[in-house]
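Under our numbering, think of the first position of the sequence shown as 123, with each following residue one higher.
Glycine residues also receive a C-beta, built at the ideal position from the N, C-alpha and C atoms.
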Amino acid sequence: MKKLFSDVKIKSLELKNRIVMAPMCMVASDDEGYAKDWHEIHYASRAIGGTGLIILEATAVESRGRIKNGDLGIWDDSHIEGLSKIVKSSKSLGAKVSIQLGHAGRKCEVKSERIIAPSPIAFDNSYSTPKEMTKDDIKTVIDSFKEGAERAEKAGFDAIEIHGAHGYLINEFLSPLTNKRKDEYGGNPQNRARFLKEIIRTIKTVWPEDKPIILRISGEEYVNDGNHPEDLVHIINLVKNEGIDIIDVSSGAVVPANIDVYPGYQVPFAETIKKGTGLPVIAGGLITEPEMAEEILKNNRADFIFLGRELLRNPYWPLEAANKLDQDIEWPHSYRRAKI
Ligand SMILES: Cc1cc2nc3c(=O)[nH]c(=O)nc-3n(C[C@H](O)[C@H](O)[C@H](O)COP(=O)(O)O)c2cc1C
């Protein structure tokens, strides 16, 4: 039976528990996307706190793919050094480290950038209208994901997470709400999934076979004509054989919508996707209690639990959770004296 504190291995990725730090933009970089000491300490704190897998925040594969000024970047070889420091320190403290490769598409808020999207539709009045991507633009972005993956490998990451959620570029292709293209990248689900499929395929040419690739998706778009969990099952089944190993199930942010949020509100989407695709899933959303995380795993509703804001509040959540669940895990050496 799965439980929070059980070892797990996916390809070469061996984790000491099933606690995943959700990717969270820290907006702590500079105008050029370089990692700072701050990032290293921020992630290392969660590694000391016992997190099994840390997924680094959305890291832009192109400068026009940043969400905000201050996001991390991986569009140039000079980004590798700073990222590798984060990886090295967090790994030396017992965590495994993934990077989230992203492109903001029409949700890029960096004023100096000309923003792009599958179709020229603005997110809302506060955003500018994106340029509709040409075939050349599509090829350029796909190549930048490949280069990002190559750099991620050089920086020593254990896994890659492709950001296909929250209404950013890949999600903009997947959703019928934002993709109105008439060519082979728009229309039916197969066409809308083509951009993602080509990104996975190109990443696979440079990313080691034994390291997993995670895909984050918005499992529900909260609008009638948008994608729902069953649509995501269909889309994932169209692309998974290109080489997706784990699905990280989030939701929303594709178009403005009212969302009723409560602890575990996204877990049913994860369950549907797990059943429909046969792939391991990471579930989460407003989870704060170890008992709740344990329920989700033990009832086989998901394979991993992500924590976002709770880990911002408390980097030592995993150590405390082990106490609460009466699990005898290894604490950092002298921290053992604080064990109850
Ligand atoms: C400060 C902050 C930054 C975030 N940045 C990202 C991001 O870079 N990539 C992403 O996929 N999700 C991002 N998210 C969403 C989180 O990964 C997570 O899905 C969300 O916070 C819900 O989980 P929680 O209730 O445990 O916080 C962010 C959330 C927060 C609070």
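Beta-bridge analysis with DSSP links Arg423 to no other residue.
A Cβ closer than 6 angstroms to some heavy atom of ligand 1 marks a residue here, and those residues are Ala144, Pro145, Met146, Cys147, Glu179, Ala180, Gln222, His285, Ala287, His288, Arg338, Ser372, Gly406, Gly407, Leu408, Ile409, Leu429, Gly430, Arg431 and Glu432. Straight-line measurement puts the Cα of Tyr156 at about 12 angstroms from the Cα of Ile208. The DSSP-derived three-state label of Arg459 is helix. Residue pairing by DSSP places Arg338 opposite His285 and Asp370 in a beta bridge.
Leu178 sits close to Val219, with the two beta carbons spaced by under 8 angstroms. A residue is called buried once 16 or more other Cβ atoms fall within 10 Å of its Cβ, and Pro378, having fewer, is exposed. Shown here for Ile339: same chain residues with a beta carbon closer than 6 angstroms to its own, the five before and five after excluded, namely Gly286, Ala287 and Leu354 in chain order. Counting only residues of its own chain and dropping the five nearest sequence neighbours on each side, Glu294 has a CB closer than 7 angstroms to the CB of Gly227, Arg228, Ala239, Pro240, Thr300 and Asn301. Between the region 305-317 and the region 327-345, the count of Cβ pairs shorter than 8 angstroms is below three; the stretches do not touch. Looking at the DSSP output, Ile176 shares a beta bridge with Met143 and Val219. In the structure shown, Lys190 adopts coil according to DSSP, grouped into three states. Looking at Phe127, Asp370, Ala180 and Arg303, the one whose alpha-carbon comes closest to that of Lys257 is Arg303. In the structure shown, Phe245 adopts coil according to DSSP, grouped into three states. In the DSSP assignment, Leu137 is bridged to Val130.
Per DSSP, Ile322 is not a residue of any beta strand (DSSP E); the alpha helix (DSSP H) it occupies stretches across Arg316 to Lys326. Note that the region 418-425 does not touch the region 436-448; fewer than 3 beta-carbon pairs, one per stretch, sit closer than 8 angstroms. Between the C-alpha atoms of Leu296 and Val361 there is a straight-line separation of about 12 angstroms. Note: Val403 is bridge-paired with Ile369 in the DSSP secondary-structure output. By the C-beta density criterion, Tyr384 is exposed, having fewer than 16 other C-beta atoms within 10 angstroms.
By the beta-carbon neighbour count (other beta carbons within 10 angstroms, threshold 16), Lys268 is buried. In the structure shown, the three-state DSSP call for Leu429 is strand.
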